[in-house]
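Right, one structure below, let's go through it.
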Amino acid sequence: LVSRKRHPEDTIVKVGDVEVGRKPVMIAGPCSVETEEQVDTVAKGLAEQGIKLIRGGAFKPRTSPYDFQGLGIEGLKILRKVADRYGLKVVSEIVNPADIEMATQYVDVIQLGARNMQNFELLKAAGQVKTPVLLKRGLAATIEEFLFAAEYIVSRGNNQVILVERGIRTYEKWTRNTLDILAVPILKQESHLPVLVDISHSAGRKDIAIPIAKAALAAGADGIMVEVHPDPAVALSDANQQLNLDQFNELMTALKGSQLL
Ligand code: PEP
Ligand code: MN
Numbered sequence: 076l077v078s079r080k081r082h083p084e085d086t087i088v089k090v091g092d093v094e095v096g097r098k099p100v101m102i103a104g105p106c107s108v109e110t111e112e113q114v115d116t117v118a119k120g121l122a123e124q125g126i127k128l129i130r131g132g133a134f135k136p137r138t139s140p141y142d143f144q145g146l147g148i149e150g151l152k153i154l155r156k157v158a159d160r161y162g163l164k165v166v167s168e169i170v171n172p173a174d175i176e177m178a179t180q181y182v183d184v185i186q187l188g189a190r191n192m193q194n195f196e197l198l199k200a201a202g203q204v205k206t207p208v209l210l211k212r213g214l215a216a217t218i219e220e221f222l223f224a225a226e227y228i229v230s231r232g233n234n235q236v237i238l239v240e241r242g243i244r245t246y247e248k249w250t251r252n253t254l255d256i257l258a259v260p261i262l263k264q265e266s267h268l269p270v271l272v273d274i275s276h277s278a279g280r281k282d283i284a285i286p287i288a289k290a291a292l293a294a295g296a297d298g299i300m301v302e303v304h305p306d307p308a309v310a311l312s313d314a315n316q317q318l319n320l321d322q323f324n325e326l327m328t329a330l331k332g333s334q335l336l
């Protein structure tokens with residue numbers, strides 16, 4: 076069902092009036108929802124740039140059980156409230172199949188994270204709702220496994236799926252993951268689903284945000300996901316990779332300047 080052979084036209088994922096898969100989109104926002112004020116500061120900055128999609132984690136799949144686990148439903152409520160204030164759409168990760176139905180009340184796009192790409196019960200649950208799904212590639216998933224994960228969702232009845240390349244594990248230590256840029260044209264060729272690139276979780280650093288975002292869009296990505304925090308140094312998660320608003324504005328200027336966005 077996700078194969079281009081069976082379905083040659085591009086799938087356009089509709090998030091309200093935002094069409095993912097038509098022209099490149101930007102999804103930006105903090106790694107984790109921390110406070111209403113924090114989300115408001117970012118949302119205001121995004122709205123000023125004309126951006127429509129805000130991300131923020133409420134249920135955080137953290138490597139260590141001692142790290143900040145997210146605000147849960149409270150986080151979803153903050154996102155919804157602030158997003159409505161600025162006319163934005165909400166993208167947020169859900170980790171438990173039992174929460175999918177509940178999440179549809181608060182989010183416009185259900186994110187399924189890298190660590191859950193093969194959580195088949197979660198994929199099936201996301202396939203049973205109408206809310207668009209943003210599916211991230213697993214930490215060590217092949218392109219074929221990634222497409223089969225998307226197939227789980229679409230085969231249950233939800234064809235509104237966005238694929239996100241977010242880097243894979245390799246021996247390289249100077250980046251958090253290795254961005255598999257080759258996956259972008261391959262996924263676009265093999266599948267009709269929109270493909271985005273997460274420049275934050277792939278690199279794990281922010282100093283190379285501009286060139287990797289350009290590379291992703293030049294390779295044919297339908298958009299970029301990036302983490303933005305009002306004060307990354309004090310962020311409760313992923314402090315090293317989040318851009319502040321000035322850095323985010325520089326990224327936007329660079330992409331608009333090269334007519335990639
Ligand atoms: C995220 O986008 O918040 C996240 C946890 O990313 P990933 O699942 O790609 O690690
Ligand atoms: Mn993060």
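Going from the sequence shown to full-length UniProt numbering is simple: count from 1 and add 75. Note that beta-carbon positions come from the ideal geometry of N, C-alpha and C, so glycine has one too. Just so it is clear, the structure is predicted and the values come from calculations on it, not from any experiment.
Asked	Found
DSSP state of residue 332, grouped into three classes?	helix
Tell me which residue opens and which closes the alpha helix (DSSP H) that residue 214 is part of.	Note, residue 214: premise wrong, no alpha helix (DSSP H); not H, not E.
Under the three-state reduction of DSSP, which class applies to residue 314: helix, strand or coil?	coil
Quick check on this structure: which residue in 96, 84 and 91 has the alpha carbon closest to the alpha carbon of residue 298?	96
In angstroms, rounded to a whole number, what distance separates the CA positions of residue 126 and residue 302?	14 Å
On the three-state DSSP scale, how would you describe residue 126?	coil
Tell me where the beta strand (DSSP E) around residue 109 begins and ends.	No beta strand (DSSP E) contains residue 109, which DSSP labels as neither H nor E.
How should residue 78 be labelled, buried or exposed, when 16 other C-beta atoms within 10 angstroms of its C-beta is the threshold for buried?	exposed
Mind checking whether residue 132 and residue 168 have CB atoms under 9 Å apart?	yes
Rounded to whole angstroms, what is the Cα-Cα separation between residue 326 and residue 241?	18 Å
I'd like to confirm something about residue 239: is its beta-carbon nearer than 8 Å to some heavy atom of the ligand SAH, or not?	Only the ligand PEP and the ligand MN can be found as ligands here, which leaves the ligand SAH out of the picture.
Name the DSSP bridge partner or partners of residue 132?	107
Rounding to the nearest angstrom, what Cα-Cα distance links residue 308 and residue 282 in this structure?	14 Å
Taking 8 Å as the threshold, find out whether the segment 169-182 comes into contact with the segment 221-230 through three or more Cβ pairs.	no
Could you name the residues of the same chain whose beta carbon sits closer than 6 Å to that of residue 115, not counting the 5 residues immediately before and after it, in chain order?	157
Using a threshold of 9 Å, state whether the C-beta atoms of residue 296 and residue 257 are closer than that.	no
Does residue 300 come out as helix, strand or coil in the three-state DSSP assignment?	strand
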